[in-house]
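Report on one structure; see the data block that follows.
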């Protein structure tokens, strides 16, 4: 759909007039919305020259209205220098003429156009411009020509030029039908819809009905058969139908109910109010039906279609055969032929290093054969092995050791010096803990002479407290004991026996 934004001359918010030379005319027949604005350039007793300005996003600009002889104007676009405008001289004396236009504008720029009439009676009926992607369509009136492909006509419609003695139709085309029952359909996204056409005062009756979305039909009957016939009388830009709608998708349907005599229903344009969802290039839901002026396909065209279909079938058949042939062949392997796969390498075994006398040299047992050369590998000095912890030997108590039982801090614990065992009786029977510590074999005793010599060489022992500590954590029991100091036979303190080793 080729749409254009249409601005009526009587919309001061869109078109800003400057100067006192402008005169607005209402109820003017054969003009869009029955309004016309005229600039009387002959009025010179003012300090402000006449001009009008408006702003838009678009690629072109067109000014429509009645054209009289001697009209001249200048213009400036986007604050550039003032230039003279070229007037359409072929439309002088007619209405609804494209008086002046400007093409090839950058549609990404917000343009400012100022027009300065300089001579004659410069008249404005409406202005159109092609919207761009930055143009806001909501609330704008959008005009569609009758010849647009988005309008669907039934049979018995004809298209012709709309150039008459009184003026011209929009874009110089009109569509008409003289057959009862003819229809026209138009799908759009908008908030209102209007239908404009031309009336020719012929004899006969003319009646049509309009409905939107299958609603109630509104009848339009401009001629009832009582009018005086005048074939040269044409009325341009006549509004046949208008209806305000809820913004959204809609469908307009026209039915030609009655047409008699020489009457014909002529359609010029459709105008609908856009919304934020109206696309710039709106397409119709279905293709237009062929009207009476369309000619059937020629024999050559039919023959060409048949040849094209046969050629396409042959191409598809050959392509399918080729694909089947390729799929039936065995697939070749990408690996080269006569290439044997070597056996997998044996799993490496971890062999510990044997350390020689020198701690910096290591020898692999796997390369003990002198004929084999071990691989060059970086060796580093391994740390010397740490010997395992040695259990402490039990030393018997020295001479003079007393067998008196040690007094433990807890009455529920018993200590037996004869068997070197410790029993915690505070634990239940099923959790009784008993640790038995057996003495180690006695080391060989030195001779009496060596013992006497040693006793003479050793200094006298000092008195030290004897402390026995036992920590056992078993079945949730923790116990500790500290015996009191014990004196030997001669009254000297006895050395503490070394701690026992558990679990050796």
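Residue numbers (UniProt numbering): 1 to 504. Note that beta-carbon positions come from the ideal geometry of N, C-alpha and C, so glycine has one too.
One thing to note: residue 144 has its Cβ no nearer than 7 Å to the Cβ of residue 306. Ranked by Cα distance from residue 199, the options 126, 211 and 265 are led by 265.
In the displayed model, residue 215 falls within coil according to three-state DSSP, outside both helix and strand. Contact between residue 140 and residue 248 is ruled out by a C-beta separation of about 16 Å, above the 8 Å threshold. In the displayed model, residue 272 falls within a strand according to three-state DSSP. With a threshold of 16 other beta carbon atoms within 10 Å, residue 171 meets it and is buried.
Collapsing the DSSP output to three states places residue 15 in coil. Residue state for residue 71 is assigned as coil, using DSSP reduced to three classes. Sixteen is the threshold: when 16 or more other Cβ atoms of the shown chains lie within 10 Å of the Cβ of residue 124, as they do, the residue is buried. According to DSSP, residue pairing for residue 7 in a beta bridge involves 127. The segment 221 to 239 makes contact with the segment 159 to 168; the number of CB pairs closer than 8 Å reaches 3 or more. If you look at residue 141, you'll find it in the beta strand (DSSP E) that goes 141 to 145. Residue environment for residue 113: buried (at least 16 other C-beta atoms within 10 angstroms of its C-beta).
Sequence-distant partners of residue 222 (beyond 5 residues in either direction) whose C-beta falls short of 7 Å from its own C-beta, in its chain, are 199 and 206. When secondary structure is reduced to three states using DSSP, residue 313 falls in the helix class.
Closest option to residue 267, judged by alpha-carbon separation, among 173, 57 and 29: 173. Between residue 156 and residue 182, the CB-CB gap stays under 7 Å.
Distance from the CA atom of residue 10 to the CA atom of residue 151, rounded to whole angstroms, is 28 Å. Of the other Cβ atoms in all chains shown, 16 or more fall within 10 Å of the Cβ of residue 128; this residue is therefore buried. Note on geometry: alpha-carbon atoms of residue 255 and residue 104 lie some 40 Å from one another. In the three-state reduction of the DSSP assignment, residue 162 falls in the strand class. Taken through DSSP and simplified to helix, strand or coil, residue 32 comes out as helix. An exposed status is given to residue 149, since fewer than 16 other beta-carbon atoms sit within 10 Å of its beta-carbon. Cβ contact annotation for residue 146 (same chain, cutoff 7 Å, sequence separation greater than five): 173, 174, 175, 267, 268 and 269, in chain order. Assignment of residue 208 by DSSP, reduced to helix, strand and coil, places it in the strand class. Assignment of residue 221 by DSSP, reduced to helix, strand and coil, places it in the strand class. In the structure shown, residue 96 adopts coil according to DSSP, grouped into three states. By the neighbour-count criterion, in which 16 or more other beta carbons inside 10 Å mark a residue as buried, residue 66 falls on the buried side. The beta carbon of residue 203 sits closer than 6 Å to the beta carbons of 229, 261 and 262 from its chain, once the five residues preceding and following it are set aside; these are given in chain order.
Judged by DSSP secondary structure, residue 151 falls within the beta strand (DSSP E) whose first and last residues are 151 to 153.
Per DSSP, reduced to three states, the secondary structure at residue 138 is coil, with no helix or strand assignment. Comparing alpha-carbon positions, the option among 62, 109, 30 and 56 lying closest to residue 86 turns out to be 62.
Taking the Cα of residue 177 as reference, the smallest distance to any Cα among 192, 208, 201 and 189 is reached at 208.
Under DSSP, residue 113 forms a beta bridge with 54 and 77.
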